[in-house]
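Novice:
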Amino acid sequence: MRIGVIADDFTGASDIAGFLVAGGMKTIMYNGIPIEQPPSHIDAMVISLKIRSCPAEEAVEQALQSLQFLKAQGCTKYYYKYCSTFDSTREGTIGPVVDALMEDLKTDLTIICPSLPINGRTVCHGYLFVGHDLLSDSSMRHHPLTPMTDAKLSRLMKGQFSGTTGHVYYPTIAQGAAAVGEELQKISQAGHRYAVVDTLNDEDLTIIAEATEDMILVTGGSGLAIGIMAVQQRHTPRALTEGAAFIPISGPGVVISGSCSKRTNEQVDYYKEKAASRKIEEGPALSDSVAYAKELAQWVLQNLESKYAPMIYATKSPEELEKSRKQYGDANVAAAIEEVIGLVVEL
14 MRIGVIADDF TGASDIAGFL VAGGMKTIMY NGIPIEQPPS HIDAMVISLK
64 IRSCPAEEAV EQALQSLQFL KAQGCTKYYY KYCSTFDSTR EGTIGPVVDA
114 LMEDLKTDLT IICPSLPING RTVCHGYLFV GHDLLSDSSM RHHPLTPMTD
164 AKLSRLMKGQ FSGTTGHVYY PTIAQGAAAV GEELQKISQA GHRYAVVDTL
214 NDEDLTIIAE ATEDMILVTG GSGLAIGIMA VQQRHTPRAL TEGAAFIPIS
264 GPGVVISGSC SKRTNEQVDY YKEKAASRKI EEGPALSDSV AYAKELAQWV
314 LQNLESKYAP MIYATKSPEE LEKSRKQYGD ANVAAAIEEV IGLVVEL
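Residue numbers (the working numbering): 14 to 360.
1. Do the CB positions of A310 and V357 come within less than 7 Å of each other?
2. For C67, which residues does DSSP report across the bridge?
3. Please report how far the alpha carbon of L197 lies from the alpha carbon of E226, in whole angstroms.
4. Measuring alpha carbon to alpha carbon, tell me which of L80, V73 and C67 ends up nearest I60.
5. So if DSSP puts R276 in a beta bridge, which residue, or which two residues, is it bridged to?
6. At the level of alpha carbons, what is the spacing between S330 and G37?
7. Tell me whether M228 sits in a helix, a strand or coil according to DSSP, three-state version.
8. Per the contact definition of three or more C-beta pairs closer than 8 Å, is the region 83-102 in contact with the region 194-209?
9. Quick check: what's the CA-CA separation for N316 versus S270?
10. Can you tell me which residues form a DSSP beta bridge with G233?
11. Where are the beta strand (DSSP E) runs, 3 residues long or more, that stay fully inside the region 266-311, in chain order?
12. If we ignore side chains and look at the alpha-carbon of each, how far apart do F32 and Q340 end up?
13. Candidates G189, A113, G194 and F142: which alpha carbon is nearest D217's?
14. With 16 other CB atoms within 10 Å as the buried threshold, where does P68 fall?
15. Name, in chain order, the residues that DSSP records as bridge partners for K84.
16. With the cut-off set at 7 Å, would you say G139 and H180 are in Cβ contact?
17. How about the region 15-35 and the region 45-63: do they share at least three Cβ pairs that are nearer than 8 Å?
18. Quick check on DSSP: helix, strand or coil for N44?
19. Can you tell me where the beta strand (DSSP E) with I16 in it begins and where it stops?
20. Can you name, in chain order, every residue of its own chain whose Cβ lies under 6 Å from the Cβ of A368, other than the five neighbours on each side?
21. Could you pull out every residue in the same chain whose Cβ sits closer than 6 Å to the Cβ of V268, ignoring the five residues on either side in sequence?
22. Whole angstroms are fine: how far does the CA of D56 sit from the CA of K84?
23. What does the alpha-carbon distance come out to for the pair I16 and D301?
In C-alpha cells:
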C-alpha cells in the first residue's frame with residue numbers, strides 16, 4: 014500500500030506524518046502542493062495545505078491539485094486529514110473537500126472519524142467529546158475562527174456536506190471489523206454517503222481501519238493513522254521507528270505563535286514567564302510589513318543567547334481579537350501578520 018494524505022493545516026500534517034513514521038512507514042511531508050517527485054522508496058506522502066479557514070472553492074482547488082499529484086505517484090489509498098475537533102462552520106471547507114475528493118475518486122461512501130483518543134478526542138453515539146466534555150461544552154465553543162457550538166457530527170455536517178449521513182455506533186464497533194464492515198455496507202445501501210464512526214480508544218481505531226481497508230478514501234483526524242499502521246503491521250511487519258528518524262538540529266532557535274485558541278493562549282502566557290517575548294502588533298504589520306519584520310528579526314538575534322529561545326507571538330484573547338476587529342475593520346490583519354512571520358523566518 015502507498016498512502017497519500019491531504020492535511021488541512023501544517024500541524025495536523027506533522028501529527029499524522031509522525032504516526033505513519035512511528036508505524037514503520039517511510040514518509041515524506043510536503044509543505045504546500047508538491048512539485049518535486051518523491052524518492053521511490055517512500056511508502057506515504059503527506060501534503061500540508063492551509064485550507065481550514067479559507068473560502069471553500071479555494072480549499073477544493075488545492076485539495077484536488079494535491080490529489081492529482083498523489084494519484085500520479087501511484088497511491089492506492091487516500092486520507093483527508095482535518096482537525097480532531099472538526100474545526101469548521103456551516104460555510105466551512107471539510108464538506109466541500111470531502112465531496113470533491115469522493116467525486117474524483119468515484120467512491121460512494123467514506124467515513125468521518127475525527128477521533129484521537131490519545132488526546133481525549135472521542136466519538137460516542139455520534140457526539141464528539143473533548144476529554145470528558147462535549148465539544149460544544151469545551152473551550153472550542155469560543156474559538157475565534159471556528160466556534161464549535163454543537164457536538165453532534167451529523168448536525169455539524171448538514172450545512173456543508175451534499176449527502177446524508179449514517180452512523181456506526183459503539184455496540185457495532187465492539188463486535189469487531191466484520192460487524193463494522195457489514196454496517197458500512199448497509200449504510201451505503203441506504204443511500205448515505207458518509208458514515209460517522211464511534212471511537213473510544215486506539216483499539217477501536219484498529220477495528221475501523223481493518224473494516225475500511227478496501228475503502229479508497231478515508232477522512233478524519235490523525236488518530237485513524239494509528240489504526241491503519243496497526244493493520245499494516247499484521248500484513249507486512251515493519252521495524253517501528255518512533256523517534257529513530259528524528260535528527261535534532263543544533264543551534265539557536267525561536268518560538269513563533271500565531272494561534273488564538275484558549276490552549277495556545279495558556280501556553281504563550283506560561284512561556285512568557287520563562288523567556289524573552291515580543292508581541293506582533295497589527296499596526297506596524299499593516300503599514301510596512303518588511304520594515305517591521307526586520308525590526309523583529311533584529312530583536313530575535315539580540316536574544317538568541319538567552320537560556321530559552323525567544324518568542325514572537327500574535328496570539329490574542331477573544332477580548333483582544335474583538336477589539337482588534339473594531340479598530341482595523343475589514344483590513345486583512347491575519348494576512349499581514351502571516352507575511353511578517355514569514356519574512357522574520359527568512360531573515
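Just so it is clear, CB atoms sit at the ideal spot from N, CA and C, and this is done for glycine as well. All of these numbers come straight from a predicted model, not from anything done at the bench.
Specialist: Checking against the coordinates, here is how it stands:
1. Position 297 of the sequence shown holds residue 310. Position 344 of the sequence shown holds residue 357. For A310 and V357, yes; Cβs fall inside 7 Å.
2. Translated into positions along the sequence shown, residue 67 becomes position 54. Per the DSSP secondary-structure output, C67 pairs with nothing in a beta bridge.
3. Position 184 of the sequence shown, counted from the first residue, corresponds to residue 197. Position 213 of the sequence shown, counted from the first residue, corresponds to residue 226. Distance between the alpha carbons of L197 and E226 is about 12 Å.
4. The count along the sequence shown starts at 1 and reaches residue 60 at position 47. That would be L80, whose Cα lies nearest to the Cα of I60.
5. Taking the sequence shown and counting its residues from 1, one reaches residue 276 at position 263. Its beta-bridge partners do not exist; DSSP assigns none.
6. To locate residue 330, count along the sequence shown from 1; it is residue 317. To locate residue 37, count along the sequence shown from 1; it is residue 24. Distance between the alpha carbons of S330 and G37 is about 40 Å.
7. Your numbering for residue 228 matches position 215 in the sequence shown. Coil at M228, not helix or strand.
8. no
9. Along the sequence shown, one-based indexing puts residue 316 at 303. Along the sequence shown, one-based indexing puts residue 270 at 257. C-alpha separation (whole angstroms): 17 Å.
10. Residue mapping note: residue 233 aligns to position 220 of the sequence shown, counting from 1. Note: G233 sits in a beta bridge opposite K94 and C126.
11. 268-270 and 290-292
12. Taking the sequence shown and counting its residues from 1, the one referred to as residue 32 is at position 19. Taking the sequence shown and counting its residues from 1, the one referred to as residue 340 is at position 327. Each residue's alpha carbon lies about 42 Å from the other.
13. Within the sequence shown, residue 217 is the residue found at index 204, counting from 1. Per the Cα distances, G189.
14. Within the sequence shown, the letter at position 55 stands for residue 68. Result: exposed.
15. Position 71 of the sequence shown, counting from 1, holds the residue named residue 84. In the DSSP output, where bridge partners are listed per residue, K84 has none listed.
16. In the sequence shown, counting from the first residue as 1, residue 139 sits at position 126. In the sequence shown, counting from the first residue as 1, residue 180 sits at position 167. Yes, these two residues count as a Cβ contact at 7 Å.
17. yes
18. As a first step, residue 44 must be located in the sequence shown, where it is residue number 31. Strand at N44.
19. For the purposes of this step, residue 16 is taken as the residue at position 3 of the sequence shown. Secondary structure note for I16: its beta strand (DSSP E) is the uninterrupted segment I16 to A20.
20. Nothing can be reported for residue 368: it is not among the residues displayed for the chain, which extend from 14 to 360.
21. Mapped onto the sequence shown, residue 268 falls at position 255. Excluding the 5 residues flanking it on each side, V268 has same chain C-beta neighbours closer than 6 Å at A322 and M324, in chain order.
22. Taking the first residue of the sequence shown as 1, we reach residue 84 at position 71. Taking the first residue of the sequence shown as 1, we reach residue 56 at position 43. Cα to Cα, the separation comes out at about 13 Å.
23. The residue you call residue 16 lines up with position 3 of the sequence shown. The residue you call residue 301 lines up with position 288 of the sequence shown. Answer to the nearest angstrom: the Cα atoms are 43 Å apart.
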